[in-house]
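K.L.:
For the sequence shown, the residue numbers in the working numbering are 65 to 403. The structure's right below; bear with me while I get my questions together.
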Amino acid sequence: MYIRSLWVDHQGETEQLLHSLNEYLSGLTHLPGLVYIVSAGEANVLLERPVIEFLARLEEAGHNIQFVGSACTSFHAALLSYSKRQEEDALIINLELGKERQQECLDALGIGVKAGQDGLDVITGVAACCLSKHYHAESVCQISSCDILSQAPTLSGAHELVQSLKKILTTDFSHSCRIVSFDIQSRWAKGLLKGFSREEKSQWLPSSELDGQHYLSIKPIVEIHKYCLESEVENLWIITLGGGGRAGCLRVHKTPRTDGQLLSRLVHTETLSLEEAYANFTAAQNIDDAHGQDYLPHVRGAMIYPQKKYRGRHNQIFHWVLGSGSWRSLLENQGAKHG
65 MYIRSLWVDH QGETEQLLHS LNEYLSGLTH LPGLVYIVSA GEANVLLERP VIEFLARLEE
125 AGHNIQFVGS ACTSFHAALL SYSKRQEEDA LIINLELGKE RQQECLDALG IGVKAGQDGL
185 DVITGVAACC LSKHYHAESV CQISSCDILS QAPTLSGAHE LVQSLKKILT TDFSHSCRIV
245 SFDIQSRWAK GLLKGFSREE KSQWLPSSEL DGQHYLSIKP IVEIHKYCLE SEVENLWIIT
305 LGGGGRAGCL RVHKTPRTDG QLLSRLVHTE TLSLEEAYAN FTAAQNIDDA HGQDYLPHVR
365 GAMIYPQKKY RGRHNQIFHW VLGSGSWRSL LENQGAKHG
């Protein structure tokens, strides 16, 4: 699997970022028909009205929009989904928009910025990644391996996850390969890091997330851009932690190999109703608006990825689909409820 172009922007609020994204997309010579939309906060991002407006226009331009995710490993979820499809190329768009919407998801899990929590502070942004199944002259790098590992809900779950990570990181390892640290402001992350010796970590490249800054699903894209495209590290293992006990693993090559294909994986896909997910997040907000109650437990309840039944299931992704409607109808329903 090859990356033909990669773009990230963190400057501005929702509308400014979407404008910047539109400008970038309009400048591409080719825009794939298959478009993946991902957001770590699942359908909560859709409560930002400009987001649905953007998606409605994209759909009306003839694009096949797929809304998939798996917490902060949602970029990985899109890669795994695309690997099972027949289309030659695809576009992945990360929409980590709406500071309040994204932050409340972390706060609802106890890892955000509320008193006594871990201190993960959302950095909003957008990203776009054009992919192709085959090598092209304009390919900027290659992804040869992608996995979302999941920690089992057992006493030995963390240890087993560390061992699984070590096994993946030593597969086809070469001295030119560098590992990017998954260190973030999280007690869970710090605990996993203790499973690696000081010697094992001594040559790791620093995580892009420092002092609690949290890029959500955009983290691996930031690190591909920083280490592979800017610093020209030839081979990378990028590890990204995600809520619900997930660890996304990407093997990236600066110099694409013309014969290289993404390693095949068994992918578990849970298909869900987008309208229902949207309604659940809307209901959580209404509790806060109408009653002033602590709505964060309801935000947590609306999220799919923290559910215990998915723990320990590797390469689990979620796919939210529209029923009989369109993105435009979802937008119109939103207007009717708030008009």
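We put the CB at the ideal spot given by N, CA and C, even for glycine.
DSSP three-state call for T346: helix, strand or coil?
P.N.:
Three-state DSSP puts T346 in a helix.
K.L.:
Just reading off the alpha helix (DSSP H) that W301 is part of, what are its end residues?
P.N.:
No alpha helix (DSSP H) holds W301; the beta strand (DSSP E) holding it covers 299–306.
K.L.:
Compute the Euclidean distance between the alpha carbons of L327 and K197, then round it to the nearest angstrom.
P.N.:
In a straight line, the C-alpha of L327 is about 12 Å away from that of K197.
K.L.:
For Q75, is the beta carbon positioned less than 6 Å from some heavy atom of the ligand MN?
P.N.:
The model depicted lacks the ligand MN and carries no ligand whatsoever.
K.L.:
Which of the three DSSP states, helix, strand or coil, is assigned to D73?
P.N.:
In the structure shown, D73 sits in a strand (DSSP, three-state: E or B).
K.L.:
What residue from C241, Q349, I101 has the CA that sits closest to L122's CA?
P.N.:
Checking every option, the nearest Cα to that of L122 belongs to I101.
K.L.:
Leaving out five residues on either side along the sequence, give the residues of the same chain with a beta carbon under 8 Å from the beta carbon of G403.
P.N.:
Confidence at G403 is low in this model, with a pLDDT of 46, below 50, so its placement is unreliable and the value that follows should be read with caution. So the list is empty, once near-sequence residues are dropped.
K.L.:
A222: which of H317, E294, Y146, K254 sits nearest, CA to CA?
P.N.:
Per the Cα distances, K254.
K.L.:
Skipping 5 residues on each side, what residues in its chain have a beta carbon closer than 7 Å to that of A216?
P.N.:
Excluding positions up to five away in sequence, the list reads E224, R375, G376.
K.L.:
Is H402 helix, strand or coil when you go by DSSP?
P.N.:
Annotation note: pLDDT 49 at H402 (below 50); position unreliable, no value reported.
K.L.:
Which word fits H94, buried or exposed, when buried means at least 16 other C-beta atoms lie within 10 angstroms of its C-beta?
P.N.:
Exposed, since its Cβ has fewer than 16 Cβ neighbours within 10 Å.
K.L.:
Looking only at DSSP bridge pairs, what is G276 linked to?
P.N.:
DSSP output for G276 lists no bridge partner at all.
K.L.:
S240 to Y66, Cα distance in whole Å?
P.N.:
So the two alpha carbons sit approximately 20 Å from each other.
K.L.:
Go to Y100, then tell me how far its beta strand (DSSP E) extends in each direction, as first and last residue.
P.N.:
98–102 is the span of the beta strand (DSSP E), which, as asked, contains Y100.
K.L.:
Measuring CA to CA, which of W301, L82, L119, T319 is closest to V204?
P.N.:
Residue T319 is the option with its Cα nearest to V204.
K.L.:
Quick check on S138: buried or exposed, where buried means 16 or more other Cβ atoms within 10 Å of its Cβ?
P.N.:
So S138 counts as buried.
K.L.:
Determine the extent of the alpha helix (DSSP H) in which H83 is found, giving its start and end residues.
P.N.:
78–90 is the span of the alpha helix (DSSP H), which, as asked, contains H83.
K.L.:
Could you please give me the residues that DSSP links to F246 through a beta bridge?
P.N.:
Paired residues: none, contrary to the question.
K.L.:
Tell me the residue span of the beta strand (DSSP E) that contains G189.
P.N.:
It spans 189–196 - the beta strand (DSSP E) in which G189 sits, taken as one unbroken run.
K.L.:
Going along the chain, which residues of its own chain have a beta-carbon closer than 8 Å to the beta-carbon of A141, five neighbours each way excluded?
P.N.:
Result list for A141: V102, V132, G133, S134, I212, I381, F382, in chain order.
K.L.:
Could you tell me whether the stretch 225–236 touches the stretch 75–91, using the rule of 3 or more Cβ pairs below 8 Å?
P.N.:
Short answer: they don't touch.
K.L.:
Determine the extent of the alpha helix (DSSP H) in which C292 is found, giving its start and end residues.
P.N.:
Run containing C292: none; DSSP gives neither H nor E here.
K.L.:
For G389, which of helix, strand or coil comes out of DSSP?
P.N.:
DSSP places G389 in coil when its eight states are reduced to three.
K.L.:
Helix, strand or coil: which one does DSSP assign to L327?
P.N.:
DSSP places L327 in coil when its eight states are reduced to three.
K.L.:
Taking all protein chains shown into account, decide if G387 is buried (16 or more other Cβ within 10 angstroms of its Cβ) or exposed.
P.N.:
Exposed: under 16 other Cβ atoms inside 10 Å.
K.L.:
Roughly how many angstroms separate the alpha carbons of P114 and E264, rounded to a whole number?
P.N.:
P114 and E264: Cα-Cα distance of roughly 45 Å.
K.L.:
With three or more C-beta pairs closer than 8 Å as the rule, is the stretch 152–165 touching the stretch 297–317?
P.N.:
No: fewer than three Cβ pairs fall under 8 Å.
K.L.:
Do S245 and W268 have their C-beta atoms closer together than 7 Å?
P.N.:
Yes, these two residues count as a Cβ contact at 7 Å.
K.L.:
Can you name the start and end residues of the alpha helix (DSSP H) that H362 belongs to?
P.N.:
Its alpha helix (DSSP H) spans residues 360–366.
K.L.:
Is the beta carbon of R321 sitting closer than 7 Å to the one on E202?
P.N.:
No, these two residues do not count as a Cβ contact at 7 Å.
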